[in-house]
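Visitor: Heads up: the sequence shown begins at 21 in the numbering used here, then just goes up one per residue.
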Amino acid sequence: MPLEKHEYLSNVWKDGLFAGKVVFCTGGNGSICSAQVRALVHLGADACIVGRNVEKTERVAKDIATARPGSRVLGIGAVDVRSVESLQQAIDTCVRELGGIDFLIAGAAGNFLAPLAQLSPNAFKSVIDIDVLGSYNVTKLALPHLVASAKKHNSKSSLPKHATAGPSGRIVYISATIHYTGLPLQTHVAVAKAGVDALSNNVAIEYGPLGVTSNVIAPGPIGGTEGMDRLAKQPEPGSYPGKGIPLDRWGQIKEIADATVYLFSDAANFVTAQTLVVDGGAWRTYGGG
Ligand code: HXC
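Below, the structure written as structure tokens:
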């Protein structure tokens, strides 16, 4: 059953906002990233999502395509962000089939709960490799296409040179808030997400002059996600006041999609090297999660 628009996107964005754009997304078969891509596709983009599981990635891509008749959504499985070779093949396919890459979402992540004492070096390394090395790998491979996209857009823009990157040549990384304070059983993830944040900031600084923007979305507790399903139990409404999330609820996946649309839209032309925390104020009161 295809999702209704209101389930993955607010009703404030203009149809066709991203017409002619192409988004490449790692972790695209997951709950948050698939909603981000679905929102962009609804608003006119074509997309390529990649994931490790072939059947799931292809199924999710087909489902995302229902967001807009005529959209082109590639689902490429057997892609591990730790493998440059598999990523390169997927990037090449995306560029060949869809014509380029205007937006990158680096969302692939690994997670499990484990006390530090039970975290083997390989367990720690696995999450660092998926989150940090994987984000670096896809960034490096996508950047030539993002730079070309930004250049093409700027050459058509009537604005002064470098006044805007326009809605092209943009990166959004998916991070978290747990490393702002620390969270038991999540040392490996906190260290990895700190690395992702640093990667985004450095890409923003090095590639800003070429018209590429790079930002981080840091979701707080978002209901209906694999991460939160595994990590925590959703509390009853009203159980937070005074001791927890200021907005007194978990977030919705579509609130991450909305943040993504904002960062990829012309409304965020002068926004780069930033982290957009979407957590209802949670981390400021209890650390987030
Ligand atoms: C301790 C564990 C473990 C656990 C795996 N390992 N699970 N150690 N507790 N629960 C150890 C293994 O024993 C092994 O170490 C090492 O980790 C690698 O395990 P593999 O299974 O071989 O690795 P791999 O197949 O690459 O799997 C990667 C994974 C896995 C991260 C370990 O959990 C995974 O891919 N999960 C799916 C992705 C995911 O969780 N996505 C949701 C992200 S949500 P040894 O020493 O035995 O070799 C998210 C939200 C963040 O990121 C916000 C948080 C609040």
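Every residue, glycine too, gets a C-beta built ideally from N, C-alpha and C.
Is the segment 25–44 touching the segment 236–253 in the sense that three or more CB pairs, one from each, lie closer than 8 Å?
Guide: no
Visitor: List the endpoints of the continuous beta strand (DSSP E) containing P239.
Guide: Start and end: 233–239.
Visitor: Could you check if V147 belongs to the surroundings of ligand 1, using beta carbon to heavy atom distance under 6 Å?
Guide: yes
Visitor: Any heavy atom of ligand 1 inside 6 Å of the beta-carbon of A110?
Guide: Distances taken from the Cβ of A110 to the heavy atoms of ligand 1 include none shorter than 6 Å.
Visitor: Using the three-state DSSP reduction, which class does V32 fall into: helix, strand or coil?
Guide: coil
Visitor: So does the segment 42–56 actually touch the segment 118–129, counting three or more Cβ pairs closer than 8 Å?
Guide: yes
Visitor: Keeping to the same chain, check which residues put their C-beta closer than 8 Å to that of G271; ignore five residues upstream and five downstream.
Guide: Taken in chain order, the residues that qualify are P239, G240, P241, I242, G243, V298, D299, G300.
Visitor: Quick one: is the Cβ of E24 within less than 6 Å of any heavy atom of ligand 1?
Guide: no
Visitor: Are at least three pairs of beta-carbons, each pair with one atom in the segment 106–126 and one in the segment 164–173, less than 8 Å apart?
Guide: Taking a contact to require three or more Cβ pairs closer than 8 Å, the segment 106–126 and the segment 164–173 qualify as touching.
Visitor: Taking just the CA atoms, how far does D112 sit from W33?
Guide: 31 Å
Visitor: Near L219, which residues of its chain fall below 8 Å by C-beta distance, leaving aside the five closest residues on each side in sequence?
Guide: V152, S155, Y156, T159, Y193
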